[in-house]
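The sequence shown begins at 4 in the numbering used here and counts up by one.
Here's the structure, in structure tokens; my notes come after.
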Amino acid sequence: MSFDSLALEILHKIIKIVKDDTIQPYVAAGTRLKRTLALTHINRTLRRAALGYHDLWSMIYLEWHADAVQHFLFYARQRTHPDLTVFLDTRAAGTSHKRANHKRWSKFLKDEMKIIRVLGIKIPVHHGSPALAAALSDTRAPRLVTLELDLDEKHVTNANIRRLFNNDAPMLSSTRIHACAPFRHLPKFPALKELAYRVTERNLAGLLDMLGRMPRLTYISLKGAVKWDASPLPTHNPPLKTVVLPSCTSLLIRGMNALRTRYILSRIDFPTVTYLDVHEIIAVHNNGLLATIFETLPRLPNNPHPRDTLWLTIRPNFFIIHFHGYRFQTEWPDSFDTIADAAGFNLVFSLLVDAIHGPANTLLLQPSLLYIENSVGATEAAGLSLGLDDLSILIGEIFESYPTMKQLSLSGNTPPITIALRDIYTHLLPNLELLRIEVAGRGNIHDTYDGPSLATIQRTRQIRIRNDLL
Numbered sequence: 004m005s006f007d008s009l010a011l012e013i014l015h016k017i018i019k020i021v022k023d024d025t026i027q028p029y030v031a032a033g034t035r036l037k038r039t040l041a042l043t044h045i046n047r048t049l050r051r052a053a054l055g056y057h058d059l060w061s062m063i064y065l066e067w068h069a070d071a072v073q074h075f076l077f078y079a080r081q082r083t084h085p086d087l088t089v090f091l092d093t094r095a096a097g098t099s100h101k102r103a104n105h106k107r108w109s110k111f112l113k114d115e116m117k118i119i120r121v122l123g124i125k126i127p128v129h130h131g132s133p134a135l136a137a138a139l140s141d142t143r144a145p146r147l148v149t150l151e152l153d154l155d156e157k158h159v160t161n162a163n164i165r166r167l168f169n170n171d172a173p174m175l176s177s178t179r180i181h182a183c184a185p186f187r188h189l190p191k192f193p194a195l196k197e198l199a200y201r202v203t204e205r206n207l208a209g210l211l212d213m214l215g216r217m218p219r220l221t222y223i224s225l226k227g228a229v230k231w232d233a234s235p236l237p238t239h240n241p242p243l244k245t246v247v248l249p250s251c252t253s254l255l256i257r258g259m260n261a262l263r264t265r266y267i268l269s270r271i272d273f274p275t276v277t278y279l280d281v282h283e284i285i286a287v288h289n290n291g292l293l294a295t296i297f298e299t300l301p302r303l304p305n306n307p308h309p310r311d312t313l314w315l316t317i318r319p320n321f322f323i324i325h326f327h328g329y330r331f332q333t334e335w336p337d338s339f340d341t342i343a344d345a346a347g348f349n350l351v352f353s354l355l356v357d358a359i360h361g362p363a364n365t366l367l368l369q370p371s372l373l374y375i376e377n378s379v380g381a382t383e384a385a386g387l388s389l390g391l392d393d394l395s396i397l398i399g400e401i402f403e404s405y406p407t408m409k410q411l412s413l414s415g416n417t418p419p420i421t422i423a424l425r426d427i428y429t430h431l432l433p434n435l436e437l438l439r440i441e442v443a444g445r446g447n448i449h450d451t452y453d454g455p456s457l458a459t460i461q462r463t464r465q466i467r468i469r470n471d472l473l
């Protein structure tokens, strides 16, 4: 059977395989354009089949040349009810013909918004325009389901986007908004269930009120701005009532110092959360240091899944605790402005010890499987960074907190841990049955092991050793 005689259904299956293999969603805009058009230049039969395959043409990057955009739009519209996925990075088109480009993009959004299902817009500073802002502010989006809006943090007026889609996007269910000023009208979107939102000093004060008017949210991700001007926490008179998030099952708070994290956490209630993820920077508070792990652990709901596995990550300047339904990462700078390094390090170290004990003391967590990934190395510790002597003490605290584990898995720089287990902590972990050396999940971690200490541990403890590095 010749290629030209294949049924259209078979040709579309072939095109789908090629598309899935070579034109994945994350492929760069220019590469996507070249590879898609290449499918139409193999022969006439495949060209006809490709031109009728909607998924090839339904993803459009507006920064492409106008002819390419119209070509994709024409063939996407051959379907009776087309669904478009549209992306625009206003800087990617360069500065030539800037006014004409913005006019073209704005017209496209106004004319085609009614069939756009997924929209991603990125507007760096100095790359916006009144026309584009008006198109995004005033054009209804009746079929839009997913929105990603990425505005430069320096856009203090949100690139002059006053609202979104005239507050009329009835099917919008998932949105990721990186902006500086607040978008106060998000509660007007009745189907919105997933919200990822950049938090800044300009929108923090109104954040909780906004969340309180969005009780249907099931997923909330709050990410702090990269640059945050020094500013006090918001004050409220009268005091805010606790904001209840009745439907939220996943709550993520990242990229803020512990004072801002605590400001948010102390004013919300999340009775149905099954996954809580906090990534914060230790903050100076009342001549001491603040981390919110001790405020989040007691608020975790009863988890129907057994918390039988605990992951710990130790690096010179950050520490992670992770178990089913919970992840907490705390990091600290090289120095504190108001605390001398010696005193600051003692405070950091004391906080880490308390954090290690936290799951055991608060939740009575005693996992049978413990993972430790370590990247503290032989380089001399500087400032507030952890060194090998500090690591050895922390390892002892870990083993004392979780003495009933049956399997210990190590990755990264493992020799300091196995040597400590062989020489210092021989009396701990009486139930240990398996010691495993693994490859670190992160590609930038250098994995090492110490053969003599592993051999001694195997002989003296009569346990199994599994070394994935061999």
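The C-beta atom is built at its ideal place from N, Cα and C for all residues, glycine as well.
- Segment contact: the stretch 338 to 348 against the stretch 310 to 322, fewer than three CB-CB distances shorter than 8 angstroms; contact not assigned.
- For Val148 and Thr93, the gap between their C-alpha atoms comes out near 22 angstroms.
- Apart from sequence neighbours up to five positions away, the residues of its chain that approach Ser269 with a beta-carbon distance below 8 angstroms are Glu298, ordered along the chain.
- For Val356, the enclosing alpha helix (DSSP H) starts and ends at 344 to 366.
- Looking at Pro433, Pro370, Phe77, the one whose alpha-carbon comes closest to that of Leu315 is Pro370.
- Here DSSP, grouped into helix, strand and coil, assigns His68 to coil.
- By the Cβ-count criterion, Glu283 is buried, with 16 or more other Cβ atoms from all chains shown falling within 10 Å of its own Cβ.
- DSSP, reduced to helix, strand and coil, places Ala381 outside both helices and strands of the structure shown, so it counts as coil.
- With a cut-off of 8 angstroms on Cβ pairs, the stretch 432 to 443 is not in contact with the stretch 383 to 397, counting fewer than three such pairs.
- The criterion of a C-beta distance shorter than 8 angstroms is not satisfied by Ala172 and Arg205.
- DSSP, read as helix, strand or coil, puts Thr459 in helix.
- Annotated three-state conformation of Asp340 is coil, per DSSP.
- One alpha carbon belongs to Arg165, the other to Arg143, and they sit about 14 angstroms apart.
- One Cα belongs to Met408, the other to Phe402, and the distance between them is close to 9 angstroms.
- For Trp60, same chain residues with a beta-carbon under 7 angstroms away, outside a window of 5 residues either side, are Phe75, Tyr78, Ala79 in chain order.
- If you keep only unbroken alpha helix (DSSP H) runs of at least 4 residues inside the stretch 132 to 200, you get 133 to 141.
- Separation of Pro336 and Leu389 (C-alpha to C-alpha, rounded to the nearest whole angstrom) is 12 angstroms.
- With fewer than three CB-CB distances shorter than 8 angstroms, the stretch 236 to 246 does not count as touching the stretch 218 to 226.
- Rounded to the nearest whole angstrom, the C-alpha separation of Ile26 and Ala345 is 54 angstroms.
- Judged by DSSP secondary structure, Glu115 falls within the alpha helix (DSSP H) whose first and last residues are 101 to 115.
- For Glu403, no beta strand (DSSP E) run applies; the uninterrupted alpha helix (DSSP H) run containing it begins and ends at 391 to 404, by DSSP.
- Inclusion of Val356 and Leu387 in the CB contact set at 8 angstroms is not warranted, their separation being larger than that value.
- Per DSSP, the continuous alpha helix (DSSP H) segment holding Arg425 begins and ends at 418 to 426.
- Within its own chain, the residues whose Cβ lies closer than 8 angstroms to the Cβ of Pro237, once the five positions on either side in sequence are excluded, are Leu207, Ala208, Tyr266, listed in chain order.
- Assignment of Gln332 by DSSP, reduced to helix, strand and coil, places it in the strand class.
- Ranked by how close their Cα comes to the Cα of Leu91, the residues Arg330, Pro85, Leu135, Leu279 have Leu135 in first place.
- Collapsing the DSSP output to three states places Ile118 in a helix.
- In the DSSP assignment, Phe297 falls within the unbroken alpha helix (DSSP H) covering 296 to 299.
- Arg146 sits buried, since 16 or more C-beta atoms from the chains shown fall within 10 Å of its C-beta.
- A Cβ-Cβ distance of about 22 angstroms is found for the pair Ile256 and Ile317, leaving them out of contact under the 8 angstroms criterion.
- Boundaries of the alpha helix (DSSP H) around Leu211: 207 to 215.
- Per DSSP, the unbroken alpha helix (DSSP H) holding Asp58 starts and ends at 57 to 60.
- When rounded, the separation of the alpha-carbon atoms in Glu334 and Phe273 is 25 angstroms.
- Bridge pairing for Gln410: Leu372, Leu437 [DSSP].
- Between Ala182 and Asn161 the beta-carbon gap is near 5 angstroms, inside 8 angstroms, which marks them as a contact.
- When rounded, the separation of the alpha-carbon atoms in Pro433 and Pro301 is 29 angstroms.
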